[in-house]
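Residue numbers (my numbering): 824 to 1666.
All C-beta atoms in this analysis are idealised placements derived from N, C-alpha and C, irrespective of residue type, glycine included.
A quick note: this is a predicted structure, and the numbers were derived from the prediction, not measured.
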Amino acid sequence: MVMTSPGWSQDDSPPAAGSGGSNAGTAKSAFVPQVIGELGSPAATTTIDGKQLPAPAEKFGGKIKDNAAQSKAWWAPRIVPPKEAPNVLLIMTDDVGFGAPSTFGGVIPTPALDRIGKAGLRYTQFHSTSLCSPTRAALITGRNHHSAGFGVISEQSTGFPGYNSIIEKDKATIGRILKDNGYSTSWFGKDHNVPTFQASQVGPFDQWPIGMGFDYFYGFVGGDTSQWQPNLYRQTTPIYPYVDNPEWNLTTAQADDAIAKLNQLNQIDPTKPFFCYYVPGGTHAPHHATPEWIKKISDMHLFDEGWNELRKTIFANQKKLGVIPADAKLTPWPDDLLKHWDELTADEKKLFIRQVEVYAAYLAYTDHEIGRVIQAVEDMGKLDDTLIIYISGDNGGSVEGTQVGTPNEVAAFNGVEVPVELQLEKFYDVWGSDKTYNHMAVPWSWSFCTPYSWTKQVASHLGGVRQGMCVSWPAKIKDAGGIRHQFHHVIDVVPTILETAGIAAPEEVDGIPQKPIEGVSFAYTFDESNANAPSTHKTQYFEMMGDHAIYHEGWMASTKVVRPPWEIVGAVNQDPVNNVTWELFDLTKDWTQSNDIAAEHPEKLEEMKALFLEEARKYQVLPLDATVATRLVAPRPNITAGRTEFTYTQPMTGVPQGDSPVLINCSYSITADIEVPENGADGMLLTSGGRFGGYGFYLLKGKPVFLWNLVDLKRQRWEGPDALAPGKHVLEFEFTYDGMGMGTLAFNNLSGIGQSGIGVLKVDGKEVATGKLPHTIPLILQWDETFDIGSDTGTPVDDKDYKTPFAFTGKLNKLTLELQRPNLSPADIRKLEAAQRNNKASE
Ligand SMILES: Cc1cc(=O)oc2cc(OS(=O)(=O)O)ccc12
824 MVMTSPGWSQ DDSPPAAGSG GSNAGTAKSA FVPQVIGELG SPAATTTIDG
874 KQLPAPAEKF GGKIKDNAAQ SKAWWAPRIV PPKEAPNVLL IMTDDVGFGA
924 PSTFGGVIPT PALDRIGKAG LRYTQFHSTS LCSPTRAALI TGRNHHSAGF
974 GVISEQSTGF PGYNSIIEKD KATIGRILKD NGYSTSWFGK DHNVPTFQAS
1024 QVGPFDQWPI GMGFDYFYGF VGGDTSQWQP NLYRQTTPIY PYVDNPEWNL
1074 TTAQADDAIA KLNQLNQIDP TKPFFCYYVP GGTHAPHHAT PEWIKKISDM
1124 HLFDEGWNEL RKTIFANQKK LGVIPADAKL TPWPDDLLKH WDELTADEKK
1174 LFIRQVEVYA AYLAYTDHEI GRVIQAVEDM GKLDDTLIIY ISGDNGGSVE
1224 GTQVGTPNEV AAFNGVEVPV ELQLEKFYDV WGSDKTYNHM AVPWSWSFCT
1274 PYSWTKQVAS HLGGVRQGMC VSWPAKIKDA GGIRHQFHHV IDVVPTILET
1324 AGIAAPEEVD GIPQKPIEGV SFAYTFDESN ANAPSTHKTQ YFEMMGDHAI
1374 YHEGWMASTK VVRPPWEIVG AVNQDPVNNV TWELFDLTKD WTQSNDIAAE
1424 HPEKLEEMKA LFLEEARKYQ VLPLDATVAT RLVAPRPNIT AGRTEFTYTQ
1474 PMTGVPQGDS PVLINCSYSI TADIEVPENG ADGMLLTSGG RFGGYGFYLL
1524 KGKPVFLWNL VDLKRQRWEG PDALAPGKHV LEFEFTYDGM GMGTLAFNNL
1574 SGIGQSGIGV LKVDGKEVAT GKLPHTIPLI LQWDETFDIG SDTGTPVDDK
1624 DYKTPFAFTG KLNKLTLELQ RPNLSPADIR KLEAAQRNNK ASE
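Here it is in structure tokens:
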């Protein structure tokens, strides 16, 4: 099929300076706007050449005399996209391996993805970056993730252009481009492209959806969130719809909100096309499915044979479906890294089956809710004219839940594994409920990446980067149910949307010259006659946390994985440029990277390595950095940087972890100046985190309590013996930390973090409780919960004590927080340097 680009073609030159963008009379170029209605009349619309956004103001075309009676009014035409421009529904799920959904051979029912595949096309060689925010930055900008400042997730950002988690203004998003060309734009679900240090209510908001061209946002900011008690926003305002609503779940609420919004648009202005970016939390941990979905999927007994048999089943299905070629090889099980199902105890099997059934329920549930949004588009009569791009996963299956799975991902990210027995005893029955922040065992995720090796975080191997994708557009894609094998990448989505809409990539946005889009359109594959056309995407680098690869015209050179991605606190390669072993694959004959031919083709490999470096330099991939924990706690330009004292006199909620004072790996004191009324007081003074890790300072039945929740495995409390008498009081909690602090990380040494310390609770200057914490949380508190003063949002730090919001019923006059961050002494530095020399490869 020929994609007509009404009113615009690649050869057009920009209009003369100062001319109205769509004013045919003054533009020098061959661009001819589509004008509908009489220019100057209120009903007139026009397309624009789109090179300068926002479009320059139209020249007044009426007549102005002294009096209105002799003058002629003239309205600028409304800007609309070309007539054939489709609505666009861009859907992407989270953490889904290629072989998880039924559409690509999986055993988990995903009827909505199936539906798009049947109505349109399935793509078998479509790629992500292997990690979340990077894929998303690339997806919405059409640039490589490092080009867009997202070499890694924002939680690990560092002060290099490729890694600072800032999408610069010379790369306007697809939202912005479509909005300024007349689309209604909206974003539902995950936004992992707000820098963690700009996520608070003081902004700036230019990297939130509203600042990036999206008229409307309903979703959460960050890596993941509870679906039961999420950190949810409408636009930039936190909202808490789950309070007193125990059945409420974000997966459903998000679909409801999107359906309402699309219908609202359809009723107010049915002709205005929409761009809806729909990116649910599913299926990132926590796997929060409803009890109904968990029952429905568990009853299907999909996983009773274990993860090794599962791979065989998926592989056979994939061949049957034709989403891998008949001669594709199944990559071997990594015997040295992961257990075989047969080696497990009955208890392990029981637990792991429960974990994966809940995961599967979550994927089925997420897809079902996506299906409701698609159905709403059909119900509005708009399905024919809607381009639906449904990408199954922003990266491969996630292995961020340890080898035995976890009831609490916050524990996993702090390097804590929860024993199988404890998981069975305390969490088996509530798995997937809001009592868990759950993730399945690593080997399941490996299996969900069948037929490939490796997983999420791994950029060099297809398990990390190959995603299923389905695309439908009934008005234009006629090869319903077709399969496409062309190599493409998330950076290709923006140019594809622009081509189908007939909209130009802007040369300038808000006066800022735009960097070229780096992807290429895959719209040519829509046409059946191009079903087997060679891919137009010839070269693609991959890089994530030091692990890297280069694809070029069917060849792929990949570095061997140094750090298994489930080892978050583990050995780190300090020289990821040179200290790597390369493999070489001919993907045209070897679909699954099963046959390393580096030894047979040394010159080809050298050529590919050189090409990688060339691409890396071009797209600001350097300097390579393989650290994980080090970057997680690295200081960033957040609003608390350099401050050691914080004073609060008003209640305040909703300050995210990345924007608030963080009480880990340091000493601190908290002083609360309060008044207790005649009938006593209760409630929260200060808290950060929640059920899965964090602290709280509160009055409980009048008694002062300071509590540390150590990732839901242990709670340590300091509690005064007596309820406070009415009147003024000063409460203090002082913590003296024993470790050297975060400074040791600069020496690739973790010994300074997570160490012990002593806490003392005082009332009116008198010590009432003292206790030692043998360990502290080393890396991160529960990240979907916030720093709150005077009440508690989200979940309680201890369910036995209170229910949220637990607002303080006394008067908080003033709360002061002082941090004493440890400094390394010259002797410490000498010791750390010596240790580093002796231990080159450990973080
Ligand atoms: C809190 C956190 C720290 C981290 O280092 O990595 C993460 C990765 C996450 O998954 S992703 O959003 O898919 O990349 C989610 C949360 C985190």
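Proximity test, Cβ basis, 8 angstroms: ALA1380 and chain B: Given the protein chain composition of this structure (a single chain), no chain B is represented.
Kindly indicate the opening and closing residues of the beta strand (DSSP E) around CYS1582. Counting from 1 along the sequence shown, the entry for residue 1582 is found at position 759. The question names Cys, yet the displayed sequence has Gly at residue 1582. From DSSP, the beta strand (DSSP E) with GLY1582 extends over 1580 to 1586.
Runs of beta strand (DSSP E) lying entirely within the segment 1623 to 1660, each at least 3 residues, in chain order: 1634 to 1643
LEU1573 to MET1565 span [Cα, whole Å]: The count along the sequence shown starts at 1 and reaches residue 1573 at position 750. The count along the sequence shown starts at 1 and reaches residue 1565 at position 742. Cα-Cα distance, rounded: 8 angstroms.
What is the chain-ordered set of residues for which the beta carbon lies under 5 angstroms from any non-hydrogen atom of ligand 1? CYS955, ILE976, GLU978, GLY1046, ASP1047, LEU1455 and TRP1606
CB of ILE1603 within 8 angstroms of CB of LEU1638, strictly: Within the sequence shown, residue 1603 is the residue found at index 780, counting from 1. Within the sequence shown, residue 1638 is the residue found at index 815, counting from 1. Their beta carbons are not under 8 angstroms apart, which means ILE1603 does not touch LEU1638 by this criterion.
Spatial distance of PRO1318 from GLY1342 (CA atoms): Within the sequence shown, the letter at position 495 stands for residue 1318. Within the sequence shown, the letter at position 519 stands for residue 1342. Between PRO1318 and GLY1342, the C-alpha separation is close to 6 angstroms.
I'd like the ranges of any alpha helix (DSSP H) spanning at least 4 consecutive residues and lying wholly in the segment 1113 to 1165. 1114 to 1121 and 1130 to 1144
Flag this pair as yes or no: are the beta carbons of ASP872 and ALA1327 separated by less than 8 angstroms? As a working note, residue 872 is residue 49 in the sequence shown. As a working note, residue 1327 is residue 504 in the sequence shown. In this structure, ALA1327 lies closer than 8 angstroms to ASP872 by Cβ.
Can you look up ILE989 in the DSSP assignment and give me helix, strand or coil? Position 166 of the sequence shown, counting from 1, holds the residue named residue 989. Of the three classes helix, strand and coil, the one that applies to ILE989 here is coil, per DSSP.
Taking GLN1290 as the reference, which of HIS950, MET915 and THR1415 has the closest Cα? Indexing the sequence shown from 1 puts residue 1290 at position 467. Of the candidates HIS950, MET915 and THR1415, the one whose C-alpha sits nearest the C-alpha of GLN1290 is HIS950.
The alpha helix (DSSP H) with LEU910 in it runs from where to where? Your numbering for residue 910 matches position 87 in the sequence shown. Residue identity differs from the one stated: residue 910 is Asn in this sequence, not Leu. Taken as a continuous stretch (DSSP letters only), ASN910 belongs to no alpha helix (DSSP H), being part of the beta strand (DSSP E) at 910 to 915.
Boundaries (first-last residue) of the alpha helix (DSSP H) holding PHE1271: For the purposes of this step, residue 1271 is identified with residue 448 of the sequence shown, where counting begins at 1. 1265 to 1271 is the extent of the alpha helix (DSSP H) around PHE1271.
On the DSSP bridge list, what partners appear for PHE1236? The residue you call residue 1236 lines up with position 413 of the sequence shown. In the DSSP output, where bridge partners are listed per residue, PHE1236 has none listed.
Length at least 3, wholly inside the segment 1035 to 1066: the beta strand (DSSP E) runs in chain order: 1039 to 1044, 1055 to 1057 and 1060 to 1062
Our contact map puts SER1417 next to HIS1284 with C-beta atoms below 8 angstroms; I'd like the distance itself, whole angstroms only. As a first step, residue 1417 must be located in the sequence shown, where it is residue number 594. As a first step, residue 1284 must be located in the sequence shown, where it is residue number 461. About 11 angstroms; that fails the 8 angstroms criterion.
Through-space distance from ALA867 to ALA850, alpha-carbon basis: The residue you call residue 850 lines up with position 27 of the sequence shown. The residue you call residue 867 lines up with position 44 of the sequence shown. Legend: pLDDT at ALA850 = 42, less than 50; position of this residue unreliable, value from coordinates given subsequently. Roughly 19 angstroms separates the two Cα atoms.
Own chain, CB closer than 7 angstroms to ALA1650, minus 5 neighbours either side, in chain order: Counting from 1 along the sequence shown, the entry for residue 1650 is found at position 827. The answer is none, since no qualifying residue turns up.
Rounded to the nearest angstrom, what separates THR996 and VAL1281 at their Cα positions? For the purposes of this step, residue 996 is taken as residue 173 along the sequence shown, with counting starting at 1. For the purposes of this step, residue 1281 is taken as residue 458 along the sequence shown, with counting starting at 1. Taking the straight line joining both Cα atoms gives about 26 angstroms.
Is the number of C-beta pairs between the segment 1104 to 1118 and the segment 1043 to 1062 that are closer than 8 angstroms three or more? yes
Please say whether PHE1349 and ILE1300 have beta carbons closer to each other than 8 angstroms? Position 477 of the sequence shown, counted from the start, is the residue given in the question as residue 1300. Position 526 of the sequence shown, counted from the start, is the residue given in the question as residue 1349. Result yes, Cβ atoms of ILE1300 and PHE1349 sit closer than 8 angstroms.
Length of the line joining the Cα atoms of LEU1596 and ALA1149: Residue mapping note: residue 1596 aligns to position 773 of the sequence shown, counting from 1. Residue mapping note: residue 1149 aligns to position 326 of the sequence shown, counting from 1. Each residue's Cα considered, the two are about 58 angstroms apart.
So what's PRO1527 in DSSP terms, helix, strand or just coil? By 1-based counting over the sequence shown, the position of residue 1527 is 704. Looking at PRO1527 - three-state DSSP - the assignment turns out to be strand.
Taking the CB atoms as reference points, tell me whether GLN1397 and SER1358 lie closer together than 8 angstroms. As a working note, residue 1397 is residue 574 in the sequence shown. As a working note, residue 1358 is residue 535 in the sequence shown. No, the pair does not count as a contact, with Cβ atoms beyond the cut-off.
For GLY848, the three-state DSSP class (helix, strand or coil): One-based indexing of the sequence shown puts residue 848 at position 25. With a pLDDT of 39 at GLY848, under the threshold of 50, the modelled position of that residue is not reliable, and the figure given next carries that caveat. Of the three classes helix, strand and coil, the one that applies to GLY848 here is coil, per DSSP.
Which value, in whole angstroms, describes the spacing of the CA atoms of SER925 and THR1113? By one-based count along the sequence shown, residue 925 stands at place 102. By one-based count along the sequence shown, residue 1113 stands at place 290. Rounded to whole angstroms, SER925 to THR1113 spans 20 angstroms at the Cα level.
Do ALA960 and ligand 3 come close, with the Cβ less than 7 angstroms from some heavy atom? As presented, the structure is devoid of ligand 3, carrying ligand 1 as its sole ligands.
Might you give, ordered along the chain, the residues of its own chain that have their beta carbon closer than 7 angstroms to the beta carbon of PRO1127, omitting 5 neighbours on each side? Here residue 1127 refers to the residue found at position 304 of the sequence shown. According to the sequence displayed, residue 1127 carries Asp and not Pro. Answer for ASP1127: ILE1176, listed in chain order.
Roughly how many angstroms separate the alpha carbons of GLN1659 and VAL1400, rounded to a whole number? Here the question's residue 1659 lines up with position 836 in the sequence shown. Here the question's residue 1400 lines up with position 577 in the sequence shown. Looking at the two C-alpha atoms, the distance is approximately 19 angstroms.
Going by C-alpha to C-alpha distance, which of ARG938, GLU1423, ALA1457 and ASN1502 sits closest to THR981? Working through the sequence shown from its first residue, we reach residue 981 at position 158. Cα-wise, what sits closest to THR981 is ALA1457.
Separation of THR1168 from PRO1242, as counted between CA atoms: Position 419 of the sequence shown holds residue 1242. Position 345 of the sequence shown holds residue 1168. Rounded to the nearest angstrom, the two C-alpha atoms are 13 angstroms apart.
Continuous alpha helix (DSSP H) stretch holding GLN1198: start and end: Here residue 1198 refers to the residue found at position 375 of the sequence shown. Unbroken alpha helix (DSSP H) run through GLN1198: 1169 to 1202.
Pairwise C-alpha distance: GLU907 and ASP1092: Here residue 1092 is taken as the residue at index 269 of the sequence shown, counted from 1. Here residue 907 is taken as the residue at index 84 of the sequence shown, counted from 1. Between ASP1092 and GLU907, the C-alpha separation is close to 17 angstroms.
Host alpha helix (DSSP H) of PRO956 (start-end): On the sequence shown, residue 956 is found 133 positions in, with the first residue counted as 1. Just to set this straight, residue 956 is Ser in the shown sequence, not Pro. From DSSP, the alpha helix (DSSP H) with SER956 extends over 955 to 964.
Is HIS1598 buried or exposed, if buried means 16 or more other CB atoms sit within 10 Å of its CB? Here residue 1598 corresponds to residue number 775 of the sequence shown, with the count starting at 1. It is exposed - the Cβ of HIS1598 has fewer than 16 other Cβ atoms within 10 Å.
Could you have a look at TYR1471 and say whether DSSP puts it in helix, strand or coil? Numbered from 1 along the sequence shown, position 648 holds the residue referred to as residue 1471. Three-state DSSP puts TYR1471 in a strand.
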